[in-house]
Structure formats: C-alpha cells, structure tokens
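4 protein chains.
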Amino acid sequence: MFMSPRTRDQNEEMRQRSREAIKEAALELFARQGYTHTTVSQIATRAGVSKGLLYNYFDGKEDLLYQIIEEQIELAENMMEQTVREIPDPLRQLETMIEGAIQFVLRDLDQWRLITSLAFQPEVTDRLRPLLRRNQENTLAITSEIFRKLGAEDPLKETYLLGAMLDGIVLGYVVLQEDYDLEEMKDYLLRRYIHQNYPRT
Amino acid sequence: MFMSPRTRDQNEEMRQRSREAIKEAALELFARQGYTHTTVSQIATRAGVSKGLLYNYFDGKEDLLYQIIEEQIELAENMMEQTVREIPDPLRQLETMIEGAIQFVLRDLDQWRLITSLAFQPEVTDRLRPLLRRNQENTLAITSEIFRKLGAEDPLKETYLLGAMLDGIVLGYVVLQEDYDLEEMKDYLLRRYIHQNYPRT
Amino acid sequence: MFMSPRTRDQNEEMRQRSREAIKEAALELFARQGYTHTTVSQIATRAGVSKGLLYNYFDGKEDLLYQIIEEQIELAENMMEQTVREIPDPLRQLETMIEGAIQFVLRDLDQWRLITSLAFQPEVTDRLRPLLRRNQENTLAITSEIFRKLGAEDPLKETYLLGAMLDGIVLGYVVLQEDYDLEEMKDYLLRRYIHQNYPRT
Amino acid sequence: MFMSPRTRDQNEEMRQRSREAIKEAALELFARQGYTHTTVSQIATRAGVSKGLLYNYFDGKEDLLYQIIEEQIELAENMMEQTVREIPDPLRQLETMIEGAIQFVLRDLDQWRLITSLAFQPEVTDRLRPLLRRNQENTLAITSEIFRKLGAEDPLKETYLLGAMLDGIVLGYVVLQEDYDLEEMKDYLLRRYIHQNYPRT
DNA sequence: CATGAATGAGTATTCATTCAT
DNA sequence: CATGAATGAATACTCATTCAT
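Protein chains in written order, with our numbering: chain A, 1 to 201; chain R, 1001 to 1201; chain G, 2001 to 2201; chain H, 3001 to 3201.
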C-alpha cells in the first residue's frame, strides 16, 4: 500500500502531540502530588491516551520523569544564553538574569518545586547529575565572565554566592509561598548586593 | 514460682530504648535511601526489633517520619538559642550561627538532606508546616535582632537575605556534594558579605 | 504488525465475565467459610484471576461483599414481585410466596446464611440498611395487600407475624440443619396458620 | 510461709472478680463491635486487667467467647425452668415464657444480638452445637408438655411454630430496632395465635 | 499504532499470643 | 499471681508493567 509523505508527516505530528500531552500531564501531576503519589494511570487519563501508548513513547514512569526534567533544565539554560547574547551591557545582563530566574519561578511554581525537590532524592540525582553538572558549569562560565567584566575580585566565588542567594530566595518562596514576598526579596538583592557592589557607571 | 512484674521505671526505660533504636534506624535509612524506598521491615531489622513493635510506638511509617523530623527541627532550634544566650557580642553571634549552620550540615549531610527534601513534598509539608513556620519565625526574630544591634538599615530583609544565602549554599552542597567546597563558600560569605558590611570594631 | 484494539463490546464482555467469576467465587467462599476467614487471595484463585484484577472491579473485600448481598436481595425481591404479577388469586399468591421463600433457602442454604448473618453485624448493616429497609417495605406493601384481599382484620400485623414465622423457621433450619425438617414446618405453617384462618373458598 | 484459709478465700474471690470483669467487658465489646472487630487489648483494658492475666483465665479470645455464650444460654434455660416450676396453670406458663423471652431481649438487645449472630457463623456453631441442641431439646420438652396439657393436636409441631414466631419476632427487632414495635408484636402474637387457639377457660 | 484487561511482586499494617520479669 | 513489651504470621491492597487483540 502506498504511503504518501503527507500521511507520514501527519503521523509524526500526532506522535508529537501525544508525547507532549503525556509530558504535560505528568509534569502537572508530579508537581502537584509528588512523583511517588502520581500513578501512570492518572497520567494517561489526564493526557487522554491509553496506558499502553505511554509505554510506546517512554520507557516507564521514571524515564518520563527524567525526560521532563531534562527538558526543563535545557529550557532554562537556553533562556540564559539568549539573555547574554541579546544584551551587551554586563550589569544589565546580570539584572536580566536575576529577573529571569525569578520570573521563571513565579510563572510556574509547581514545575520549579518539582525540579527542586528532585535535587534531594539520591536515586534521582544519580541519573540527572551529569546534566545538572553541565548546566551548572555553563551557568558558572557565563556568569563569572560577567562578573569579570564588572571587575569583581573573585568572579567565580562571586558567581557561586549569587547563585546561592538566588537558590535560597527561591527555596524560601517554594516553602513558604504566599508568606514569602519574592518580588521584594529580588529587589532587595539587586539593591543591597548587586548595585551596592557594582554601581551603574 | 512468683515473678514480680517489671517496675514502672524498667518499662519506661525499655520503651525509651526501643523507641530510640527505631528512630535511629529509620533516620539512617530514610536519609540514605529516601522515605519511599525504605520499608518498615528494613527499619525494624536494623533497629533490632520486630515489625510489630514499631507499631506499638508509632502510628505507622509516616508518623515515624514526622516524629523524627520534629525532633531534628527542635534540636536545631535549641542549638541556635543556646548560641545567642552564651555569646554576648552580636557579630560573634552571627558568625557562630553561620558556622553552626554549616557544621550542622557538614556533620550529617544525610539527615539534612532528608529534612530539606520534605519541604518540597506537599503531602508532608501540611503536617509539618506549623512547626516549620514557628521555627522560621523564631530564627527570624533572633537573627534580625542581631542585625538591629549591628546597625543594619533593614534588619528583617537582611535576615531574609542571609537565610537565603545559607540555604542556597547548603543546597549547592547537597546537590553537588564533593564538587562543592562548602567550607570555602562559608568563608567567602563571612568575608564578602558579613565582614565587609559589619566590620569588626 | 497492525493489531487493532479490542472493540468496546469485547471489552465489556471480558469485564462482565471477570466480574461474575469473582462474585461467584466470593459468594461461595464467604458462605462456606465466613467473610472474615476468606482471604482475597482465595477468592482470586478460585475465580481464576489475579488479586489485582479484583481491585479493578471492586473497591476491596468489603465492597465485594456488599455488591454480592445487594444483588441477592434484588434477586429475591424480583422473584416476589413476579409471583404477585403472575398469580391472580391472593391465597395462591400467599402460598407461592411462602413456598418460594422456603425453596430459596433450601436451594442455597449457604447463600442464605451469609445474607442473614450480615443482619447482625453492626458495621455491615450500616451500608446495607437502606436496601434492607426498602426491601422490607416493599415486601410489607405487597404482602399486606394480599392479606387485605383475604379479609384479614389487621393486614399489616398479619404480615409482620407471617414474616416472623418464616424467619423463625428458616433460623431454626440454619442453626440445626439436618435436625430441622424445613419442609414439614412449612406444611404445618400453611395448614395450621394460613388455611385455618383463610380457608379456600 | 503459712497461708491461712482466709487468704485463700480472698484470692479465690479476686480471681472470680477478675474473671467476671473480663467476661463482662468482652460481652459488651463483642456485642457492640462484633467478635472480629474486638481486640484482646480492648477487652483487657476495659476489664482493667492486663492482657497476660486474661490468658491465665481463658485459653484465648475464642474460648472467652464460648464461655460467655454458654453462660448466657444456661441463664436463659434456668429462667424458663423456673417459670415452669413456679406457675401451675399451663396457659399462664406459656404467656409467661413468651413475656420472659421478649423481656430478655428488650433488657439486653446487645447480648441477644451477639448470640443470634453466632448462629450463622459455621465455625462457631460447631463448638456450640451440642449446647444449643441440649437447650433446644429441653425447651422443646417443656413447651410441648405445656401444649399437650392445653390439648393441642400436635404439641411438638406447635412448639416448633411458636419457637419460630418468637425467633422471627426477635429477629425483626434485632435488625430493625426502633422501627420494630416489639411489644406490640408480642401482644399480637398472644392475642392472634395463643388466645385464639387456647382460650382462657 | 492504540487499547485497557490482566498481572503479581512488593508493602504496610494488625493483633492474638508469648514470656521475661 | 500479674504485667505489658515484644513477636511474627497473616493479609489487604497498590500500581508499574505487559500483552493479546
């Protein structure tokens, strides 16, 4: 039977749609209920596909999780690189990156909570560690270069400390939620740390 | 043959011993393998008691977890309060608290990872939240008072930011472990942030 | 190789078959060994399905029990209503209903014992009570109407008393079994109570 | 060491008190929660003794149940025999026995429910059957003698039918409780069946 | 490609009973 | 005589994964 290229494309598109629907459903459920308390059936139901199909696209529940996380990490990474490319001024780069990180969390608290929570589960981290490390090295390189341009004495440590501040602020927000004023903390961080140390020329 | 029953004290001691053995075994296993991947049987075996006995003292696996966490949180709280009581100089108080927090994590990474990881699991947090909040308010009150004495402009925000830095640093260490030099980051934090802003008189 | 999924009807039939096999096995075992002494594994084995499948169709052991009972009660109810519809003469209706009740018990002593035994277990009765009450009201309405047609002075009380006699006779049979001549008692009931008070015209 | 008879008596009395306390607690709990859902711990706690002591006096939970039932059955038997001894007139005997049976149930619905419920549990009945049978034969002998004196055509069957009526009425009351007017049914039974067939001379 | 019925290993939990004191 | 800490066999239930269609 003759299969036109058109049909093949359509098939491919449907595949993509299903894959996306599954990932979206899983992310939503993992984030809200936690990985352990989410069942494969729930994911399939919410994605509007059968359990069997899910196993066509993913090697299982765990693999699904990893793929989601990997995608999110890469997304964040791309955003950062784009910021650096598009903005010439180092101070503005720094400000934009901080703003971006906070916006990233604000926009989707649940996703972020999921990713953060995995950082503490030894089993999970084992597979993700290479990815996290690559990401971290990348961030490190980019950010410390910015600090170097800004004339920091120890750009690497400065990067680590800024990263720690951001992580810590987000952590506080994730845990305390409405009791934690994320925006205000971000402003305080910019004013008290960044602008005090690297005044606008 | 007449056998007198155990005295009240003997019983109390037996119970305490068993309870402690169970909590110790559970903490060790939860921390190393994660809560989900630890079975009640493993805990009982490692504690050297029967599965059944565990249910005499705890309402179940979950209750056991909560009791452990609660104990650890209170332990940390007491340590902080003791520091404040025993050291008169505010700057030294701050330094000691920072050192203490880092030592707390360094000394028992697994315990700390366990406690932190719970902050992200919605189910768990519900029961723990009041305790976490109380603890946080307490820390806030004590630390912002120190910053006030040091003449900080906005002691509360300063407390939040310091907390975020500490959390972020620990987070980095938990995730990256041997690749993250915790001690060095602590020193950098003291030098770059604390001493620069609040120089020793 | 392309494999089409089962049709909706095929699935429906599979489900029905499994459900029935499970209910049948459970009824048999509950009746013979009692509810408490029957394990879910036994039921699954006897039904020729896995333990897990049982939980696809029933919420658990208890739910399984309820569904069986409900089915049996409705079965008995339908039989009675059919009797009334198909037989015009009230005296014959009464006789047939008595015969039917006795036959119901004789044909399947174990089932009947199961159902009756539940009437005394407070936990169980709570869920079943609405059904039992509806069934009882229905029986009451139909039977008292028959007595009314037969000219009884107090048809309602007469219904209660007849019901009590039947229950009592069956109770005796259930307890004493081979030592209790159920058929003879039924005949005596008909002769001594029914026919003496409502002679055939 | 010298043990005076006085002390032995006191010991014996304490033993009896403990035994009774245990049986009372068990009866209460069995009746209210059912045999299966009552734990040995609950019984011991409610009786104010230790679990261990319970095993000094009874061979276990099951033995405790049997001893309770046996005692209750014998109690009922004695009441019936006393009635017969003290009242000369057969019709009055019959009336008193019916009244007594109803009062017995009314006074302690829970106890009666327990005993009745056991009639349907195969395992239990096996041990109790000899006792039930002896009791039933005894009742049969006494009651049919009364019917014989009253001039019944078939005193034995008449006894069975009366027994069935009483059992059935009680059954209805046990199941429906407040919705079942036990007193009124008893009156109706007396008027409609007893007095109509055996009018007062 | 897609379905969902079926599986069964894995686990938390209960509770009658024992026994050292 | 009396205690209650300790035991462990027994069991209901979950859910990721498979596979016949």
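Using N, Cα and C, we set each Cβ at its ideal position, and we do this for glycine too.
- Looking only at G:Leu2109, G:Ala2164 and G:Phe2104, the smallest Cα-Cα distance to G:Glu2178 is reached by G:Leu2109.
- Each of G:Pro2130, G:Val2174, G:Arg2192 and G:Arg2134 was checked against the Cα of H:Leu3156, and the nearest Cα belongs to G:Arg2192.
- For chain H, the residues of the region 2161 to 2192 of chain G that bring a beta carbon within less than 8 Å of one of its beta carbons are Leu2161, Gly2163, Ala2164, Met2165, Leu2166, Asp2167, Gly2168, Ile2169, Leu2171, Gly2172, Val2174, Val2175, Leu2176, Asp2179, Glu2184, Met2185, Tyr2188, Leu2189 and Arg2192, in chain order.
- Proximity of chain H to G:Gln2111 at the Cβ level (cut-off 7 Å) is not reached, the minimal Cβ distance being about 12 Å.
- The C-alpha of G:Phe2058 is placed about 54 Å away from the C-alpha of A:Glu81.
- Remark: C-beta atoms of A:Leu150 and A:Pro90 approach each other more closely than 8 Å.
- H:Phe3147 and H:Asn3197 have their C-alpha atoms some 11 Å from each other.
- Considering only beta carbons, the part of the region 1128 to 1157 of chain R lying closer than 8 Å to chain A consists of Leu1132, Arg1133, Gln1136, Asp1154 and Lys1157, in chain order.
- With a contact defined as Cβ atoms closer than 8 Å, G:Leu2075 and G:Tyr2035 miss out at about 19 Å.
- Taking CB atoms only, A:Thr36 has a neighbour in chain R less than 8 Å away.
- At a cut-off of 8 Å between beta carbons, H:Thr3116 contacts chain G.
- Across the region 2093 to 2112 of chain G, no CB contact with chain H closer than 7 Å is found for any residue.
- Three or more Cβ pairs closer than 8 Å define a contact, and the region 1005 to 1012 of chain R falls short of that threshold against the region 1094 to 1107 of chain R.
- Non-local C-beta neighbours of A:Ile69 in its own chain, meaning closer than 7 Å and more than five positions away in sequence, comprise Ile115, Leu118 and Leu128, ordered along the chain.
- Not flagged as an interface residue toward chain H: G:Phe2030, since no C-beta distance is shorter than 8 Å.
- No Cβ of chain R is located within less than 8 Å of the beta carbon of A:Gln42.
- At least one CB of chain G lies nearer than 8 Å to the CB of H:Ala3119.
- Unbroken alpha helix (DSSP H) stretches of 4 residues or longer found wholly inside the region 4 to 73 of chain A: 5 to 33, 40 to 47 and 51 to 57, given in chain order.
- Residue environment for H:Glu3158: buried (at least 16 other C-beta atoms within 10 angstroms of its C-beta).
- Counting only runs of 3 or more residues that sit fully inside the region 114 to 151 of chain A, no beta strand (DSSP E) segment turns up.
- For H:Tyr3160, the uninterrupted alpha helix (DSSP H) run begins and ends at Pro3155 to Leu3176, by DSSP.
- A buried status is given to A:Ser144, since no fewer than 16 other beta-carbon atoms sit within 10 Å of its beta-carbon.
- The Cβ-Cβ distance between H:Ile3073 and H:Asn3138 does not fall below 8 Å.
- Only buried fits G:Arg2019, as 16 or more other CB atoms lie within 10 angstroms of its CB.
- Per DSSP, the continuous alpha helix (DSSP H) segment holding R:Leu1106 begins and ends at Pro1090 to Arg1107.
- For G:Leu2190, no alpha helix (DSSP H) run applies, since DSSP gives it neither H nor E.
- In its chain, beyond the 5 residues on either side, Gln3093, Thr3096, Met3097 and Gly3100 have a beta carbon closer than 8 Å to the beta carbon of H:Thr3083.
- If you draw a straight line from the Cα of A:Phe104 to the Cα of R:Val1175, it comes to about 20 Å.
- Here R:Ile1043 is near R:Leu1029, since their CB atoms are less than 8 Å apart.
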